[in-house]
């Protein structure tokens with residue numbers, strides 16, 4: 737479940753098509769290798785983002801690169817990234833003008849690709865890279881919307897089945913916003929790309945599909961037995 741985007745964040749449509757316009761390629765979103773795997777399709781980007789809840793946020797601190805894993809949520813054409821008020825990227829986004837330059841990535845690994853040669857081993861994957869300037873969310877209503885989106889990104893429907901953050905918790909929580917303007921997706925599918933001369937080699941070749949699964953939920957020790965497993969968890 738994705739929260740409704742504010743009207744100003746609605747994606748523009750391709751003229752006369754009724755289909756959301758693709759993201760415009762830029763120097764930073766056009767890959768130098770395997771350009772045929774790159775895509776700027778807006779719906780594909782959203783789908784890849786919506787299937788994830790962990791992202792990696794990259795930025796520069798004191799002249800050195802830093803990459804942090806963290807939770808995020810999507811609301812229309814905006815990403816909200818979770819952190820604490822004491823974290824370095826959140827402090828930097830709050831103090832910088834107009835914000836903190838960042839690169840955010842999301843990746844799904846769908847299969848191991850095993851070729852006959854070591855050189856052609858690979859992965860089938862789907863990834864999204866977002867470049868932009870992150871700013872700290874200060875509006876209380878937008879902050880609550882962002883936090884609900886981050887919770888629901890992990891487990892859709894969970895924000896309605898949990899206590900909202902109180903004033904003290906909100907004061908200790910920070911969220912940065914990153915607009916989806918400079919975006920690209922990259923996807924690899926299919927089998928190994930063996931060299932023709934390697935076709936007779938006696939090595940197993942093919943793909944090993946990977947799937948994400950969920951074990952049955954384990955209740956907390958102090959959970960009242962009358963509280964059953966909610967439908968949104970059963971749906972996982």
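Numbering (this note's numbering), first residue to last: 737 to 972.
Cβ atoms here follow ideal geometry from the backbone N, Cα and C, with glycine treated the same way.
Remember, it's a predicted structure, so these values are computed and weren't measured experimentally.
Kindly indicate which three-state DSSP category residue i falls into: helix, strand or coil?
i, result
"residue 754", "coil"
"residue 819", "strand"
"residue 740", "Only weak support is given to the placement of residue 740: the predicted model assigns it a pLDDT of 48, under 50, and the value that follows is read from those uncertain coordinates. Residue 740: coil per DSSP, three-state reduction."
"residue 887", "helix"
"residue 896", "helix"
"residue 783", "helix"
"residue 862", "strand"
In angstroms, rounded to a whole number, what distance separates the CA positions of residue i and residue j?
i, j, result
"residue 953", "residue 965", "8 Å"
"residue 889", "residue 933", "47 Å"
"residue 804", "residue 774", "24 Å"
"residue 835", "residue 776", "25 Å"
"residue 945", "residue 929", "17 Å"
"residue 958", "residue 903", "26 Å"
"residue 861", "residue 842", "11 Å"
"residue 951", "residue 782", "26 Å"
"residue 877", "residue 919", "27 Å"
"residue 809", "residue 801", "24 Å"
"residue 968", "residue 885", "15 Å"
"residue 912", "residue 792", "14 Å"
"residue 840", "residue 947", "23 Å"
"residue 763", "residue 900", "41 Å"
"residue 797", "residue 816", "20 Å"
"residue 895", "residue 882", "11 Å"
"residue 936", "residue 856", "16 Å"
Quick one: what's residue i bridged to in DSSP?
i, result
"residue 855", "Partner(s): none; residue 855 has no beta bridge."
"residue 867", "839, 918"
"residue 848", "859, 944"
My understanding is that residue i touches residue j, with C-beta atoms under 8 Å, so please give their C-beta distance in whole angstroms.
i, j, result
"residue 759", "residue 778", "6 Å"
"residue 914", "residue 866", "6 Å"
"residue 872", "residue 837", "Actually they do not touch by this definition, with Cβ atoms about 14 Å apart."
"residue 849", "residue 943", "5 Å"
Starting from the Cα of residue i, find the closest Cα among the options and give me that residue.
i, options, result
"residue 938", "852, 799, 874, 809", "852"
"residue 691", "818, 767, 807", "This structure gives no information on residue 691, because the portion of the chain shown stretches from 737 to 972."
"residue 863", "765, 962, 963, 754", "765"
"residue 923", "940, 887, 847, 869", "847"
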